[in-house]
Amino acid sequence: MKFTWFNLMPWPYLPDDFREKHRSVWVDIPNTLYDPRKGHYVYHQYMDQLEYAESLGFDGIGCNEHHQNGYGLMPSPNLIAAGLARRTSRAAICVIGNSIAGYNPPIRVAEEFAMLDVISGGRLVAGFPVGTPMDTNFCYGQIPALTRDKYQEAHDMIMKAWAEDEPFAFDGKYNQLRWVNCWPKPIQKPHPPIYIPGGGSIETWDFCLDHDYNYSYLSFYGYLRGKSLLEGYWDRVAKRGKDDSPYRAAFAQIICVADSDAEAEELYAEHCLYFFNRCLHVFPPFADPPGYRTVNTIKYGALSQLRMEAQRIMQGLTWKQLVDERFIIAGSPETVRQQLEECITGLRIGHLFCLLHTGNMPDWKTRHSTKLFAEKVMPQLRHLWSDWKDDTRWWIHPMDERLHPEETRPGAEKPGQEWR
Amino acid sequence: MKALTIETRRGARCRVLEAGSGPPVVFLHGAGGLLADNPFLDRLAARYHVFAPELPGYGESTGEELLEDMLDFTLHGWDVVSALGLTRPHLIGHSMGGMIAAEMAAVAPRDVDRLVLVAAAGLWLEEHPIPDIFALLPGELVELLFQDPAQGQTLLTGGVDFSDMEAFKAFYLGQQRRLAMAGKILFPIPNRRVSKRLYRVAAPTLVLWGDADRLIVPAYARQWGRLIPSATVEMIPDAAHMLPYEQPEAFVSAVSRFLPR
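Protein chains in written order, with our numbering: chain A, 11 to 430; chain B, 251 to 511.
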């Protein structure tokens with residue numbers, strides 16, 4: 011079982027009356043709510059936490075891409091990952107990922123991901139999300155009905171750029187490049203592990219299975235609601251005659267660990283409620299432009315039912331509801347272990363994205379929860395999927411002799427002292 | 251009106267409403283499509299041979315995957331005219347249909363008799379940004395489209411009872427499908443640069459606008475009037491963006507004065 015410490019990097023200073031005063035945390039949120047001087051401390055705190063997670067033994071540390079929003083402050087996750095690559099040397103750096111339909115030309119992603127893989131010594135996990143409609147359509151202007159087609163083309167260009175040893179011409183519908191010649195190329199061969207984050211579009215399942223990519227289901231509504239969707243995925247895996255390695259799938263979960271269940275509520279309730287009430291406050295039309303979801307996905311209905319159900323629960327949300335409905339997994343180490351085991355085995359996932367920082371949680375609480383998780387929960391869950399422990403198809407393969415740039419060292423003053 | 255189905259040479263299958271006799275008039279609908287009742291078409295059919303094709307993705311018309319960009323939509327318009335066997339029809343385009351009709355008249359200026367643009371999309375004025383129709387709550391859309399939102403609601407939904415979950419779902423799916431298609435030429439900014447081609451429009455052109463249009467405000471009517479060589483602009487009082495539906499009589503009489511029989 012693999013654990014990745016993930017930080018969404020929310021803006022922690024949204025005002026108390028944010029929901030009442032503003033219609034959306036995304037797309038048209040007034041940017042006067044952002045304070046760059048406070049932002050300086052926020053970025054460093056969040057990046058410190060990711061580095062701290064590595065020191066506690068998490069397998070991976072993760073970031074992702076969002077635009078024009080107070081929910082996640084990473085328009086460019088690659089910048090964050092570059093910082094992490096210089097300050098860590100063991101954990102996988104999971105960029106989940108770059109919303110490739112919005113890059114022009116997409117070769118930029120092939121290049122930047124290759125740079126990250128090279129700088130980190132082969133520790134990159136490369137995510138290719140379609141991107142939320144808020145990001146890809148409303149902020150980055152992609153036409154909803156053509157987004158998937160453009161995404162597919164961008165994917166084909168990037169993968170070919172990594173695979174080919176000779177310059178080639180790419181004559182796409184959305185991108186034409188006479189000379190594609192990726193410099194640098196990634197360390198990991200044939201390419202870094204590819205993760206496809208999905209919000210529930212059923213087309214994504216086949217795409218993952220066509221290429222043997224990891225399917226990462228990212229939701230904030232917990233494993234009880236994720237179950238029907240993951241079941242659909244595993245049915246599809248079986249129908250396609252693929253093996254059912256749990257490492258084919260990942261799931262994101264908000265987790266809060268304290269010394270007792272009562273302490274969890276006392277410490278974390280306000281921050282979790284901040285997240286659900288403010289960071290997820292999206293003007294509904296921004297989440298559903300016509301054409302973004304295919305008619306098949308709409309008919310499958312999983313999404314809309316989930317949304318309607320979630321919307322209902324979101325009215326007057328309480329800590330008790332968050333916990334009882336398993337939107338979050340919170341409590342003593344034993345409570346968290348027991349519920350996570352149910353989550354991991356129930357969904358059949360080999361990768362857990364642990365959201366241990368939530369909303370406006372201060373640093374010390376984040377570290378408290380993270381440390382308890384690393385010391386008292388993670389070791390109890392490591393044994394899961396031991397039958398598949400040698401299956402490394404969806405994990406990094408770093409260089410053995412890689413550098414440890416986080417250890418400060420003087421530059422070479424004499425011949426023979428260079429990095430080599 | 252009777253409905254026929256045509257197949258274009260590209261392979262799109264389209265439903266076309268047809269009625270009347272006289273000079274051929276092709277009416278191109280807006281992003282919302284034809285509504286359940288289109289009384290202005292019936293009135294036009296008293297004087298003209300009216301054809302109202304539905305775009306792929308609208309109603310029973312299929313082949314939406316064949317049309318991706320503005321040139322596809324424009325040539326599709328001419329493919330429909332060909333499939334109907336018409337020569338030099340009058341073109342009337344409403345809203346998004348106006349955008350398509352203007353492009354058709356610009357690429358094939360000799361093939362249009364007269365052109366009527368009704369609250370046409372297709373231009374962008376920085377000082378009058380058009381609201382983002384892809385980011386509206388249903389109630390907000392009705393407010394923008396109609397002078398009388400209550401009447402508008404009934405017209406748009408065709409009297410569907412939304413307490414019936416199945417009926418609601420069917421309407422929602424239809425609306426998603428229509429606007430997904432419209433987004434190909436209207437998202438994120440409804441401007442595919444027809445303005446630089448309008449000098450080619452040879453047809454005498456009538457620009458018709460509701461004086462209370464809140465979606466594409468009357469400043470756009472004046473801009474079309476400036477950019478098309480032989481255009482006249484006429485404002486219709488007490489009408490908003492859906493003027494053919496809101497003021498069918500005034501609409502038909504303005505069109506009838508302009509289009510020769």
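All C-beta atoms, glycine included, are put in the ideal place defined by N, C-alpha and C.
Contact set for residue i: own chain, Cβ-Cβ below 6 Å, skip 5 residues either direction
i: A/Arg431; result: Because chain A spans 11 through 430 in this model, residue 431 of chain A falls outside it and cannot be assessed.
i: A/Ala274; result: Cys266, Ala268, Ala340 and Gly341
i: A/His77; result: Pro85, Asp145 and Cys149
i: A/Leu18; result: Gly82
i: A/Cys104; result: Thr14, Gly70, Gly72 and Val135
i: B/Leu336; result: Pro274
i: B/Gly460; result: Ile486, Ala489, Ala490 and Leu493
i: B/Val467; result: His378
i: A/Ala384; result: Leu66 and Gly67
i: B/Glu353; result: Thr324 and Val444
i: B/Leu267; result: Met251, Ala253 and Ala302
i: B/Asp463; result: Ala369, Ala490 and His491
As assigned by DSSP and simplified to three states, the class of residue i
i: A/Cys104; result: strand
i: A/His32; result: coil
i: A/Arg250; result: coil
i: A/Gln186; result: strand
i: A/Ile39; result: coil
i: B/Phe508; result: helix
i: A/Ser238; result: helix
i: A/Ile110; result: helix
i: B/Tyr422; result: helix
i: B/Gln401; result: helix
i: B/Gly343; result: strand
i: B/Glu484; result: strand
i: A/Arg231; result: The amino acid occupying residue 231 of chain A in the given sequence is Tyr; Arg does not appear at that position. Three-state DSSP puts A/Tyr231 in coil, outside helix and strand.
i: A/His281; result: helix
i: A/Leu60; result: helix
i: A/Lys199; result: coil
i: B/Glu268; result: strand
i: A/Ala312; result: The predicted model places A/Ala312 with a pLDDT of 46, which falls under 50 and marks its position as unreliable; any figure quoted below should be read in that light. In this structure, A/Ala312 counts as helix in the three-state DSSP scheme.
i: A/Asn224; result: strand
i: A/Asn306; result: helix
Proximity winner among the options, relative to residue i (alpha-carbon distances)
i: B/Ala281; options: B/Met354, B/Ile256, B/Gln425 and B/Arg360; result: B/Gln425
i: B/Leu375; options: B/Arg260, B/Thr482, B/Ile486 and B/Leu465; result: B/Leu465
i: A/Pro415; options: A/Asn74, A/Arg97, A/Pro300 and A/Gln59; result: A/Arg97
i: A/Thr328; options: A/Gln186, A/Leu283 and A/Ile103; result: A/Leu283
i: A/Asp175; options: A/Tyr184, A/Lys160 and A/Trp193; result: A/Trp193
i: A/Ile308; options: B/His279, B/Phe421 and B/Ala432; result: B/Phe421
i: A/Lys330; options: A/Phe180, A/Ala164 and A/Ala279; result: A/Ala279
i: B/Met251; options: B/His491, B/Pro379, B/Glu318 and B/Ala295; result: B/Ala295
i: A/Val52; options: A/Gln349, A/Met371, A/Phe363 and A/Ser255; result: A/Met371
i: A/Leu413; options: A/Asn114, A/Ser130 and A/Glu75; result: A/Ser130
i: B/Ile383; options: B/His340, B/Arg338, B/Ile435 and B/Asp398; result: B/Ile435
i: A/Arg258; options: A/Asp216, A/Ala124 and A/Gly232; result: A/Asp216
i: B/Ala500; options: B/Asp287, B/Arg259 and B/Leu291; result: B/Leu291
i: B/Pro306; options: B/Asp322, B/Ala453 and B/Thr404; result: B/Asp322
i: B/Arg551; options: B/Pro479, B/Ala452 and B/Ala481; result: Lying outside 251 to 511, the shown extent of chain B, residue 551 of chain B is not represented and no answer is given.
i: A/His221; options: A/Gly208, A/Asn185 and A/His165; result: A/His165
i: B/Ala299; options: B/Gln401, B/Ala269 and B/Thr312; result: For clarity, residue 299 of chain B is His in the given sequence; the question names Ala instead. Nearest C-alpha to B/His299: B/Ala269.
i: B/Gly408; options: B/Leu429, B/Leu278 and B/Leu284; result: B/Leu284
i: A/Pro343; options: A/Thr355, A/Ile359, A/Thr380 and A/Met324; result: A/Thr380
DSSP bridge partner residues for residue i (one or two, in chain order)
i: B/Glu257; result: B/Arg263
i: A/Thr14; result: A/Gly70 and A/Phe363
i: A/Gln263; result: A/Cys364
i: A/Ile338; result: A/Ile264
i: A/His50; result: DSSP lists no partner for A/His50.
Own chain partners of residue i with C-beta closer than 7 Å, once the 5 adjacent residues on each side are dropped
i: B/Gln473; result: Leu373 and Leu375
i: A/Thr157; result: Ala111, Val140, Thr146, Asn147 and Tyr302
i: A/Leu7; result: With chain A covering 11 to 430 only, the question about residue 7 of chain A has no answer from this structure.
i: A/Arg33; result: Phe293
i: A/Phe16; result: Gly72, Ala262, Phe363, Cys364 and Leu365
### Task
Identify each residue in the segment 402-421 of chain B for which the Cβ-Cβ distance to at least one residue of chain A is less than 8 Å, and report them in chain order.
If the cut-off is 8 Å between Cβ atoms, the segment 402-421 of chain B has nothing near chain A.
### Message
What are the residues in the segment 305-319 of chain B lying within 7 Å of chain A by C-beta distance?
### Response
Under the 7 Å Cβ criterion, the segment 305-319 of chain B contributes Glu318.
### Query
Which residues, in chain order, does the segment 337-360 of chain A contribute to contact with chain B at a C-beta distance below 8 Å?
Listed by position along the chain: nothing, the set is empty.
### Query
Using a beta-carbon distance cut-off of less than 8 Å, what residues from the segment 458-479 of chain B approach chain A?
Per Cβ criterion, the list is empty.
### Query
Which of the residues in the segment 148-167 of chain A, read from start to end, lie with their CB under 7 Å from any CB of chain B?
In summary, the residues of the segment 148-167 of chain A whose CB is separated from some CB of chain B by less than 7 Å are Phe148, Gly151, Ile153, Pro154, Ala155 and Leu156, in the order they occur in the chain.
### Task
Closer than 8 Å, Cβ to Cβ, to anything on chain B: give me those residues from the segment 25-39 of chain A, in chain order.
Listed in sequence order: Val37.
### Query
Which residues, in chain order, does the segment 296-308 of chain A contribute to contact with chain B at a C-beta distance below 7 Å?
Cβ contacts with chain B come from Phe296, Pro299, Pro300, Gly301, Val305 and Ile308.
### Task
Check distances from the C-beta atoms of the segment 374-404 of chain B to those of chain A and list, in chain order, the residues that come in under 7 Å.
For the segment 374-404 of chain B, which is checked against every Cβ of chain A, the residues closer than 7 Å are Phe384, Ala385, Leu386 and Leu387.
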